[in-house]
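In my numbering, the protein residues as written are 4 to 260. Ideal Cβ placement from N, Cα and C applies to all residues, glycine included.
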């Protein structure tokens, strides 16, 4: 497995997926930093910006980013026509996809740290209060763990897009809706995977609403159930591997001159 993961990591140098991901994370930070300039009477500090970054990651940007990046990692073997070469080595298709999912997990962590660093830099340049080394480290852990749990929340869609590369863009579009619905404040949303991530890591989730009371234990059980469902999908789905036993069809020649 180490060789598979290391090979996939080296492939990233030859593609622009990680560059596009960094750009998307930067845009997410700018989107989260924009309320600092609003004259709405709310105290503007480091905690506000970090909380906005966590929410924008979960609701708007990271679900689609994870799905698009994961779909790209799986689809490139078909697009570059390298799958036929990979299938000649003693590595199963599922092991290859598992290696790609591990690389996607690493990229999610790297995007999270990059987004946190950009947020700290923006807050430092703006001179926002409450920016201390302890608070910065605390929010780095919160954002990193939140996005890793978000990786689990969208894992079923990621696996579907990995096994069926034609469904990549459909799954990415579903990821946008999947994340946006987490804005709803409703007691049954405690068992909605993306909302569960916010319940666990967003201290402002549900604050100010008397009609909702979220349970962190229920949110944790929800993410565990999603992970088990993802494992079952990974074992049950059949990979879309071309049949090597059938020779390719030859084009029929036209008769006559």
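The beta carbon of residue 221 is closer than 7 Å to those of 193, 194 in its chain, skipping five residues each way along the sequence.
A residue is called buried once 16 or more other Cβ atoms fall within 10 Å of its Cβ, and residue 119 is buried on that count. Taken through DSSP and simplified to helix, strand or coil, residue 4 comes out as coil.
For residue 168, the closest of 14, 73, 62 by C-alpha to C-alpha distance is 73. Annotation: residue 51 to residue 241 spans about 45 Å, alpha carbon to alpha carbon. Contact between residue 61 and residue 149 holds, since their C-beta atoms are separated by about 7 Å, short of 8 Å.
Contact check for residue 27 and residue 56: beta-carbon distance about 13 Å, past the 8 Å limit, so the pair fails to qualify. Nearest C-alpha to residue 17 among 229, 75, 189: 75.
Collapsing the DSSP output to three states places residue 135 in coil. A distance of 8 Å or more separates the beta carbons of residue 183 and residue 154. A straight-line Cα-Cα distance of about 7 Å links residue 114 and residue 24. For residue 126, the uninterrupted alpha helix (DSSP H) segment begins and ends at 96-129.
DSSP places residue 164 inside the alpha helix (DSSP H), whose first and last residues are 158-166.
Secondary structure note for residue 55: its alpha helix (DSSP H) is the uninterrupted segment 49-59. The residues 25, 28, in chain order, have a CB closer than 7 Å to that of residue 117 in the same chain once the five nearest residues on each side in sequence are set aside.
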